[in-house]
Amino acid sequence: MRPRVSHIILVAAALAALIILAAHATTPVLYTAENTSTAAHADPETVLKRSPGNAAALIPLMDELLGNTGTLALTIKVKDYESAERDLARYTELSGQFSNLVVKLDVSETDIGEFQQKTRANQESLTALLNDSRRFDELQRLEIEVEDDDGQRMAIAYEGEALRQKMRESFSAYREREPTVTRIAQNYDVNTTPYRESVEHFAEVADAADDWREKTGGDTPLSPLSIGLTPTEGYYGDEIWIAGTCAAAPPGTPVEIYVDSRLAGITTLDSEGWYAYPYRVGRLLAGPHLVYATADDLYSGVRTFTALPGNTTLTLALAEVNRTTVACTGALKTGDRAVTGAPVLLRVDTTTLVGTETDKNGTYAANITLPAGKHTIKAEFHAAGYPLNYSESETRTISTRGELPSLLPIIAALAALLGTGWYLRRRHQGKVPAVPSPETVWEEEPLVEEREIPPVEIGDLPPREAATFLFRALRARLGIPETKTPRDCARIAPAHAAFFERYELIRYAGEVPTEEELQWMKKEARGDEHAA
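Residue numbering for the sequence shown is 14 to 545, as defined by the working numbering.
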């Protein structure tokens, strides 16, 4: 094959390779695993299979969760609160992992989803049990310290009775969940013995509070701070009025309202000793909730209201933002009410999850970047922590066009083609005869022409600055261009080479001239006779 033909084939192959590279530069294959979405660049090994029948992935977590309830309730019962704190932290961590797995597997509407809701409720009950038990022990110690103070003793009695009622109500709710949790766990052959033991431990703690009440005289005197609820049940967004009277505190006294041991709001006593607070049912679990009030050292009794579960509707609309980005918008409502601050998950191509949140109007918005191709998106509300039921939008389909091909590979291909052509052309040209290099001719520097300059005075300048001033003065007197360095000046004016060589050391080596050197340099700059 002739060399010219082989070179042409080589150029064509290189150009073809660059064109193919440019075509795939914007949509690379990130993974080679079969049936794996790359929309969010997720590692295929971390993508869980979406199948309600694949509950085996959840069984180890279910078993560990139930096992931890027994340990946690036992440490609370024996008053090992430090260990109980660690057990509760571990239980909370496991509960979060379980909730995330339920969402990823999309099994919220199965018995696994119901188990997750009961687990979250149990977590709140066990947290309250730990806090209330610890406070109850503190009250028992304080009772001994203030035995002779009737006022303090009555305040302790009121708070202790409120705690006793709370613990009893919490235990009732915990026990009511036992049949459901046990039934679901047995469906997956999970050991329920530790969970049943936790119910027994919980009962013993509540009974201990009842025993304390009996030891202190049975009936606790009626608290001067009364409390009542109207109505005693409601859906998300409903108002429940918490009101009462207090004859033992002056008008304007702050009254704190607690729901499930958390401060829900503060109001004050009016001129007639009344207080009222409108509590709006918001982000809390469906079911019973405990309410009590405090004013100074006074505690009211404990009352209960029920948050009723409500149905929700979730919408989704898609719009193209650009060639790779899709805008997802929608609204979450329960009846005609907007659900605010609620988490919404966007499930892309059945596997990738993108999180967003509703605003004060119940609407949400999120932009998702997708590779070229056809995609499905569905919005989901998993109702975690709300008295609301799960809902999802219709599944929407959208196609994205992908990014435009990059011009860089094309430009590189053209440059390679032009460079190769130039190389081949140069290669086939005849050899250029060598031209002998001319002898180097040194251009003589022009003769130095001295000029008259103004008087040279260095005054009180620092030594190195004074030397620079004198160098410039001499260079100007000799008519040497300002662009010349001290070494250039020494070559142009060899009669003054000593001056320029000394200044070079001062300028670049950082040396400091002496007073005698400055006087000598001054004479050189002025052109005095006998300067040397």
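In this text, a Cβ means the ideal position worked out from N, Cα and C, and glycines have one as well. This one's a predicted model, so the numbers in the text were calculated from it and none came from an experiment.
From the listed residues V361, Y104, V115 and N135, the smallest Cα separation to G126 is found for V115. By the CB criterion at 8 Å, L79 and P207 fall inside the cutoff. Of all C-beta pairs linking the segment 183 to 198 to the segment 256 to 269, fewer than three are shorter than 8 Å, placing the two stretches out of contact. When C-beta atoms of the segment 150 to 160 are compared with those of the segment 202 to 217, fewer than three pairs fall below 8 Å, so the two segments do not count as touching. Here H302 is bridged, per DSSP, to F318. Taking the Cα positions, A332 is about 46 Å away from T317.
For R293, the enclosing beta strand (DSSP E) begins and ends at W287 to R293. Where L401 is concerned, there is no enclosing alpha helix (DSSP H), because DSSP gives it neither an H nor an E. Remark: three or more beta-carbon pairs, one from each stretch, lie closer than 8 Å, so the segment 530 to 539 and the segment 481 to 497 are flagged as touching. Under the DSSP assignment, A503 falls in the alpha helix (DSSP H) whose first and last residues are P499 to I505.
The C-beta of P291 has fewer than 16 other C-beta atoms within 10 Å across all chains shown, which makes the residue exposed. By the C-beta criterion, the segment 74 to 90 is judged not to be in contact with the segment 357 to 375, since fewer than 3 inter-stretch pairs fall below 8 Å.
Between V334 and L383, the C-beta spacing is not below 8 Å. For K387, the enclosing beta strand (DSSP E) starts and ends at G386 to F394. P73: member of the alpha helix (DSSP H) spanning I72 to K90, first to last residue. In chain order, L176 place their CB closer than 7 Å to the CB of R148, counting only its own chain and leaving out the 5 sequence neighbours on each side.
Of the candidates T410, E77, D202 and Y248, the residue whose Cα lies closest to the Cα of A330 is T410. Just measuring C-alpha positions, the residue of G257, A141, P322 and A289 sitting nearest Y94 is A141. Only residues of its own chain outside the window of five on either side were considered, and among them T389, I390 and K391 have a CB closer than 8 Å to the CB of T408, listed in chain order. A straight-line Cα-Cα distance of about 41 Å links I253 and P73. Using a Cβ-Cβ distance cut-off of 8 Å, the segment 296 to 304 and the segment 272 to 287 are in contact, since at least three pairs of beta carbons, one from each stretch, lie closer than that value.
Non-local C-beta neighbours of D309 in its own chain, meaning closer than 7 Å and more than five positions away in sequence, comprise A262 and T266, ordered along the chain.
Burial is judged here by how many other beta carbons sit within 10 angstroms of a residue's own beta carbon; Q199 has fewer than 16 and is exposed. Exclusion of the five residues before and after A351 leaves A344, L345, T371, K373, N374, G375 and T376 as the residues of its chain whose Cβ lies within less than 8 Å of its Cβ.
Taking a C-beta distance under 8 Å as the contact criterion, S313 and I240 qualify as a contact pair. Judged by DSSP secondary structure, Y104 falls outside any beta strand (DSSP E) and instead within the alpha helix (DSSP H) spanning Y94 to L118. Comparing alpha-carbon positions, the option among V315, T342 and V294 lying closest to L321 turns out to be V294.
R360: member of the beta strand (DSSP E) spanning P356 to V361, first to last residue. For C502, same chain residues with a beta-carbon under 7 Å away, outside a window of 5 residues either side, are R488, I493 and F513 in chain order. Rounded to the nearest whole angstrom, the CA to CA distance from K536 to Y521 is 22 Å. Straight through space, the alpha carbons of G432 and A511 are spaced by roughly 55 Å. Note that the C-beta distance between Q129 and Y104 is not below 8 Å.
In this structure T280 is in contact with A289, their Cβ atoms being roughly 7 Å apart against a cut-off of 8 Å. Nearest C-alpha to E285 among D124, A299, L298 and T258: T258.
Here the C-alpha atom of L401 lies approximately 36 Å from the C-alpha atom of K92.
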